[in-house]
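In the UniProt record's numbering, the protein residues as written are 1 to 263.
Pasting the structure below:
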């Protein structure tokens, strides 16, 4: 669940406002994004995540929200709409394709995801993991059936990140069942010191499908089930690397309103 703040907010207040908003238990927010105009093109909306990280699901959701709100700078292509947007942690413009449904607040949102800069099969103590690096976030893909104590494993990963990659923005641990195609995402954001078991994670799904393509040395298209539903993920494997990733799934606008925050 992503909370979007549409009013202009000074960047130095992102952290405090995000913590306040996520404390409202009736909102059920997992993360907070702040909307601004892109520096390159004021017609393009930029999503600034609370810790400066990249978030694929929040980006897909923003595409749906802009269509829901009839944002004028959207291209209509027959049955779908093309939305250009940007997200923190990633420099390039993202292309999001949004398809309305018969329900006014429910959409299908498909996005070309950032390509991993590096995929590495490694050992972390006794655990075999895939470390998948993206701009703005990195993910550790591990077999959920091989981890008995998830809290202990999180601390192991966090200590490793602090020691070896101290400048990181965020990381995720993708507890994945390779036989059942089921993913349980855990994401930590450094700036806000926030840790959430997410209902769904698009960049984590990208990491999983990239790891599968890398492992099998072939294109992969798979539906990955998660606590919040299923995401369809595709990774193209060409000449020993991933050259394209797309993620598709539903987005529901569940609430909108005004919240007063006292800092």
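Glycine included, C-beta positions come from ideal geometry on N, C-alpha and C.
*Using DSSP with H/G/I as helix, E/B as strand and the rest coil, what is residue 49?*
strand
_Only counting the same chain, and skipping five residues up and downstream in sequence, which positions put a Cβ closer than 8 Å to that of residue 28?_
1
*Taking the alpha helix (DSSP H) that residue 64 falls in, what are its first and last residues?*
56-68
*How should residue 201 be labelled, buried or exposed, when 16 other C-beta atoms within 10 angstroms of its C-beta is the threshold for buried?*
buried
*Which residue spans inside the region 116-188 form an unbroken alpha helix (DSSP H) run of at least 4?*
150-164
_Suppose you measure from the CA of residue 71 to the CA of residue 53; what does that come to, to the nearest Å?_
25 Å
*Taking residue 216 as part of the alpha helix (DSSP H), name the residues at either end of that continuous run.*
202-216
*Please confirm whether residue 205 and residue 51 have their CB atoms less than 7 Å apart.*
no
_Is it the case that the region 173-193 contacts the region 104-120, given that we only count it when at least three CB pairs across the two stretches are under 8 Å?_
no
_Residues that residue 113 bridges to, as DSSP identifies them_ = 245
*Closest Cα partner of residue 249 within the set 89, 97 and 37*: 97
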